[in-house]
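Just so you know, the protein sequences line up as chains A and B, in that order.
Just so we're aligned: 55 in my numbering is position 53 of the first sequence, and the numbers increase by one with no gaps anywhere.
Just so we're aligned: 98 in my numbering is position 58 of the second sequence, and the numbers increase by one with no gaps anywhere.
Working notes for the structure below.
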Amino acid sequence: MPDRMAKANVTLPEQPSEIGKTVGNIRSANPYIVAENVNVYYGDNHAIRNVSLEIGTKEVIALIGPSGCGKSTFLRCLNRMNDSIESARVTGHITLAGTDICSKELDPVALRARVGIVFQKPNPFPKSIYDNVAYGPRIHGLAANRAELDNIVHTSLERAGLLKEVIDRLDEPGTGLSGGQQQRLCIARTIAVDPEVILMDEPCSALDPIATARIEDLMYELAEDYSIVIVTHSMQQAARVSQRVAYFHLGSLVEVDETNKIFTNPRHRLTEDYITGRIG
Amino acid sequence: MQGNTLILILATTSVVAFFMGRARSLKLVSGPQLRGKLHSLPGYYGYFTAIWCLLPALLVLSLWFSLESRVIIALLVKQLPAAQQALSAGELNLLLNNIQNLANGDAISGVADSMLSESAARYLAYTDASRRMLVIVTLAVAGLGGVLAWRRIHPALRARNKVEQIVLVLLVAASSIAILTTIGIVLSVLFEALRFFQKVPISEFLFGLNWSPQTAIRADQVGSSGNFGALPLFAGTLLITTIAMLVAVPVGLMTAIYLAEYSSRSVRATVKPLLEILAGIPTVVYGFFAALTVAPWVRRTGEALGLEVASESALAAGFVMGVMIIPLVSSLADDAINAVPSAMRDGALGLGSTRSETMRKVILPAALPGIVGGILLAVSRAIGETMIVVMAAGLAANLTANPFEAVTTVTVQIVTLLVGDQEFDSAKTLAAFALGLMLFTVTLCLNVLGLRVVRKYREQYE
């Protein structure tokens, strides 16, 4: 591990501006997910180009970059959500705690129970709040009886910071909550399955600043137990919640480094341009 | 001059009017820079002129055609000898028919006496004069309208607004045709049905268990009083509709689920048009398929199993009707499933659901109101379906729930009551209108209910 890190650090020019080679440090000290040379094609469109990235255990890593740069596509590779897109083709290797998750033999259903995802727009099912949270435990058979299920639902809502607000109305439809509450319900629904990694695809872009602040607080707490990969358009958000930042541009991973390094001293011209607001 | 030629001339005139109006508007403002000088684009001045040329003339034309024969006949009657004028309405009608037939060179009843041939000649003369006047009046109106409009053209004339107003009126008129037709149908059926209920009490019609709709030809005829209890018909309709829905709903729903969720794009591209072909087969073809292929097969199979099966069984008719409705159910269910936002699907898949769990636990419950609405529409289609049951269900008004027996439906009875030579004021024929009214009411309620459910569901996501 150390020799690879050294090699990655040595070969970098001072202010490179070309795309194709990742600047910074793609390695993590304690990697949980390891992606090697990942390419994604939508038909003829080469959406992700040769991306390698390690995601650490119980680390929050933010994927940033201009619209259409492939950060969401890369995120969706991590729990095989691209499978449902007929024209999508993924090459390369991604391992989750040592398991190859790109292999044909791996059941994406089992993978998605380990790698949960929260989407940009809150998408509670048209069911009661209770049933929304209980959905995952039920399909995966995580609770042996009603009492255990109640326990999972309450714990998950509590951890998502929603329990106090909804404890009296668990039977009401989840779609009746406010946008921020819906998003926290979706987070509760995700952690009810007890995943190892949580992917968040711009989880706050449909929310107001107060709801956003609550979700960000929640991320701090969740980071104690889960690895979190968050796609965000807000650099302030990336700076607040993440330990590492990965900057994507036109399908390539341009630069990865610790958050404070990226925001104070970006090494790639494109990264600098993006975080200073010259492209975006 | 023929009517066609006249219409052709009118069309040409209005085209000329268009170009003249357009040219005048352009001439009024000189120079290549049009902006700001004319209120509307030059074309609108053209349309303005053309509309004023065409519309009043067409109005005159249609009024003329609708009133012409009445006026001519009134004139003709006035010229007849007093003896003929005193005839009863029916006989006078016969006489006038004879005159017209003679004038057109058709066969007439009786001998063509001098009075008759004189009247015929007069009739021809009137018609001829009327046509000539029509041409003159119409063209005059067209010319006058066109010239007046043309003279009114002025750079400040709001031609666009006026043209758009007229187009709006045309659109409203077109859309009210369907509504007015519906109202007309309802009223005509309603009044005939009321006449029926004067002869047969409404309680007997609605709750009577016996249907044998004959009326006496002679007063002393055996079995002269018919029975008009419509319950067996409604029971038969219900039985066949139930069988049809038992076939169509599961098959249609499963087709929709497969197409919306599991099939690849190429399969979908092939299967959907094929289903639409199924929807395009005329129902009369389904009818003889039911009567000649399915019904004998049902009977043979039933006999092989030791069951008593009528050769025209409710099962055969209901089964084929169900097949006919499959495309309707599947396409409405497909729409409902596709209307569920893909965020739901992603959310469920992201939690580690299998495709089938996603379908059963998230998408179908979310789409259920839309699917139910679609099924209600399909039921109303099945209740109103006629051709298949006429050919395959039979005429015996049995009050039974046994699908192997022959039953009859409301629509079949309406057809049989009105086919052939009938008096139109007997209880027998009027019963058809009462049945039609019932049928209309039921399907209308189902349609309203179905559409409301579908709409309510749509509001949920948009």
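Glycine included, C-beta positions come from ideal geometry on N, C-alpha and C.
Bear in mind that the values here come from a model prediction, so they are computed numbers and not experimental data.
A straight-line Cα-Cα distance of about 6 Å links Trp190/B and Gly61/B. Around the beta carbon of Arg78/A, 16 or more other beta carbons lie within 10 angstroms, which makes this residue buried. Taking 8 Å as the cut-off, the Cβ atoms of Arg269/A and Gly26/A count as close. Counting only runs that start and end inside the region 79-162 of chain A, the alpha helix (DSSP H) elements of at least 4 residues fall at 110-116, 131-142, 148-161.
Listed in chain order, the alpha helix (DSSP H) runs fully inside the region 277-347 of chain B are 305-320, 323-329, 335-344, counting runs of at least 4 residues. Close partners of Gly413/B in chain A (Cβ separation under 7 Å) are lacking, with about 16 Å as the shortest Cβ gap. Within chain B, the residues whose beta carbon sits less than 9 Å from that of Ala112/A are Gly392, listed in sequence order. If you draw a straight line from the Cα of Thr449/B to the Cα of Ser207/A, it is about 59 Å long. Annotation for Arg216/A: the continuous alpha helix (DSSP H) segment containing it runs 211-224.
Taken in chain order, the complete beta strand (DSSP E) segments of 3 or more residues contained in the region 86-125 of chain B number zero; there are none.
Its Cα nearest to that of Arg339/B, the residue Val349/B stands out among Val349/B, Ser252/B, Asn201/B, Leu332/B. Cα atoms of Gly183/B and Val209/B: separation of roughly 23 Å, rounded to the nearest angstrom.
For Asn125/A, the C-beta contacts it makes with chain B under 8 Å involve Pro381, Ala383, Met384, Asp386, Gly387, in order along the chain. Ser304, Arg305: these are the residues of the region 288-312 of chain B whose beta carbon lies less than 8 Å from some beta carbon of chain A, given in chain order. If you ignore the 5 residues before and after Asp227/A, its C-beta comes within less than 8 Å of the C-beta of Lys60, all in its own chain and listed in chain order.
Chain-ordered listing is empty here: chain B has no CB closer than 7 Å to the CB of Glu174/A, the nearest sitting near 15 Å. Residue pairing by DSSP places Pro175/A opposite Ser130/A in a beta bridge.
Between Arg29/A and Ile154/A, the alpha-carbon positions lie close to 35 Å from each other. In terms of beta-carbon proximity, Thr101/A stays away from the interface with chain B, with every pair separated by 8 Å or more.
For Val69/B, no Cβ of chain A is located within less than 8 Å of the residue's own Cβ. Residue contact check for Val402/B against chain A: a CB pair falls below 8 Å. Neighbours of Val195/A in chain B, taken as residues whose beta carbon is under 9 Å from its own, are Leu391, Gly392 in chain order.
By the neighbour-count criterion, in which 16 or more other beta carbons inside 10 Å mark a residue as buried, Asn125/A falls on the buried side.
Interface annotation, Ser74/A: not in contact with chain B, CB-CB separation never under 8 Å.
Three or more Cβ pairs closer than 8 Å define a contact, and the region 120-134 of chain A meets that threshold against the region 169-184 of chain A. Ser353/B is the residue among Leu477/B, Trp251/B, Gln238/B, Ser353/B whose C-alpha sits nearest the C-alpha of Ala284/B.
Contacts with chain B (Cβ-Cβ distance below 8 Å) from the region 74-88 of chain A involve Asn81, Met83, Ser86, Glu88, listed in chain order.
Burial is judged here by how many other beta carbons sit within 10 angstroms of a residue's own beta carbon; Met294/B has fewer than 16 and is exposed. Taking the C-beta atoms as reference points, Gly224/B is found no nearer than 8 Å to Trp92/B. DSSP places Met202/A in the uninterrupted beta strand (DSSP E) bounded by 199-203. Under DSSP, Ala213/B takes part in no beta bridge, so it has no partner. Membership of Asn52/A in the beta strand (DSSP E) is indicated by the continuous run 47-58. Using a Cβ-Cβ cut-off of 8 Å, Ile131/A does not count as an interface residue toward chain B, since no Cβ of chain B sits closer than that to its own. Rounded to whole angstroms, the Cβ separation of Val380/B and Val493/B is 15 Å, and the two are not in contact under 8 Å.
Following the DSSP letters along the chain, one finds Val62/A inside the beta strand (DSSP E) bounded by residues 62-66.
Boundaries of the beta strand (DSSP E) harbouring Ser254/A: 254-260, taken from the DSSP string.
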